[in-house]
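Reading through the structure tokens given below for one structure.
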Ligand SMILES: Nc1ncnc2c1ncn2[C@@H]1O[C@H](COP(=O)(O)OP(=O)(O)OP(=O)(O)O)[C@@H](O)[C@H]1O
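Numbering (this note's numbering), first residue to last: 1 to 271.
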């Protein structure tokens with residue numbers, strides 16, 4: 001169904017749509033003339049070096065920043081005509097930065113449950129059924145052994161798993177994974193990426209938006225890639241067209257040799 005703005009203008013059915021969006025801060029243009037659409041059922045990865053503007057774009061999608069110029073539509077709502085708190089409840093956000101806000105002494109399952117209320121800590125009344133649902137989501141993500149532990153004793157990989165389960169608790173329509181593999185060792189990273197791939201395979205999977213510095217983290221479920229450089233879209237499209245040696249060499253301004261790695265990622269025997 002098409003959404004309507006207050007003026008009655010029909011909107012697209014896109015998950016998100018940037019139309020000539022720029023963002024100015026002080027005397028600096030951080031994002032420049034971004035044109036980009038994510039259609040339903042598409043999963044995208046954004047690749048960019050430090051300072052490219054990735055986090056700024058995510059903050060915009062999440063409603064924390066507004067375009068200085070241009071038109072931005074997220075989940076059928078046009079900025080300027082939507083309730084931002086309502087929008088943010090429909091978006092899951094996983095980022096190591098968010099971990100610093102959590103209460104270290106909280107039980108893992110309660111942190112997952114807090115995703116339902118979009119709160120840091122649990123202040124709302126909840127039912128046993130909701131708590132059980134949080135445990136089920138965590139178990140489905142491979143985190144059954146974490147139930148009953150406090151957040152502070154978890155490893156970084158386990159914390160990221162909890163963050164993803166927390167985001168899934170709200171049944172988001174869009175799940176943003178902002179450099180989720182930061183600080184993870186090889187095995188923890190591959191295990192987390194496998195979990196992400198499982199989410200992508202779910203029948204009612206949210207649209208996935210994965211942000212990274214590294215091409216090797218872009219799982220096959222990310223069929224579309226946007227290369228962001230100096231606040232501008234350098235290239236965007238199907239991964240097979242974007243992740244070529246030539247493109248990446250131009251993007252990074254350095255010789256690049258990509259290699260297809262066996263999709264059976266390294267796994268510990270115990271996994
Ligand atoms: N409020 C602001 N005022 C001025 N400059 C800003 C502001 N916010 C971000 N920037 C600048 O905009 C640029 C893009 O920042 P952003 O955090 O979006 O990059 P990024 O691609 O996420 O980088 P990283 O990979 O290092 O996290 C950076 O140079 C940053 O210093």
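Yeah, the Cβ is synthetic: ideal placement off N, Cα and C, and Gly gets one too.
In this structure, the CA atom of residue 106 is about 16 Å from the CA atom of residue 125. Note: residue 195 is not bridge-paired with any residue in the DSSP secondary-structure output. Exposed is the label assigned to residue 255, since fewer than 16 other Cβ atoms lie within 10 Å of its Cβ.
By the Cβ criterion, the segment 38–55 is in contact with the segment 205–213, since at least three pairs of Cβ atoms, one from each stretch, lie closer than 8 Å.
In the DSSP assignment, residue 208 falls within the beta strand (DSSP E) that extends over 207–212. Distance from the CA of residue 172 to the CA of residue 120, rounded to the nearest whole angstrom, comes to 17 Å. In the pairwise beta carbon analysis, the segment 72–92 is classified as touching the segment 168–182: at least three pairs are separated by under 8 Å. In this structure, the CA atom of residue 58 is about 14 Å from the CA atom of residue 35.
Remark: the C-beta of residue 55 is in contact range of ligand 1, defined as less than 7 Å to any heavy atom. The three-state secondary structure of residue 140, taken from DSSP, is helix. Along the length of the segment 8–92, whole beta strand (DSSP E) runs at least 3 residues long occupy 16–25, 28–38, 44–47, 69–74, reported in chain order.
Annotated three-state conformation of residue 176 is strand, per DSSP. Under the DSSP assignment, residue 224 falls in the beta strand (DSSP E) whose first and last residues are 224–229. Counting along the chain, no alpha helix (DSSP H) covers residue 233; the unbroken beta strand (DSSP E) around it starts and ends at 232–238. Sequence-distant partners of residue 150 (beyond 5 residues in either direction) whose C-beta falls short of 8 Å from its own C-beta, in its chain, are 104, 105, 106, 107, 108. Across the structure, residue 139 and residue 32 are spaced so that their CA atoms are roughly 42 Å apart. Annotation for residue 65: 23, 56, 59 place their beta carbon closer than 7 Å to its own, counting only its chain and skipping 5 residues before and after. For residue 150, the secondary structure class from DSSP, reduced to helix, strand or coil, is strand. Relative to the non-hydrogen atoms of ligand 1, the Cβ of residue 176 never comes closer than 7 Å to any of them. The C-beta of residue 132 has fewer than 16 other C-beta atoms within 10 Å across all chains shown, which makes the residue exposed. Look at residue 45: its beta carbon is at least 7 Å from all of the heavy atoms in ligand 1.
Not one heavy atom of ligand 1 falls within 7 Å of the beta-carbon of residue 182. Per the DSSP secondary-structure output, residue 94 pairs in a beta bridge with 177.
Rounded to whole angstroms, the gap between the alpha carbons of residue 223 and residue 240 is 8 Å.
Its Cα nearest to that of residue 18, the residue 69 stands out among 69, 40, 127.
In the three-state DSSP reduction, residue 186 falls in the helix class (H, G or I).
Note on residue 237: under 16 other CB atoms within 10 angstroms of its CB, so exposed under the neighbour-count rule.
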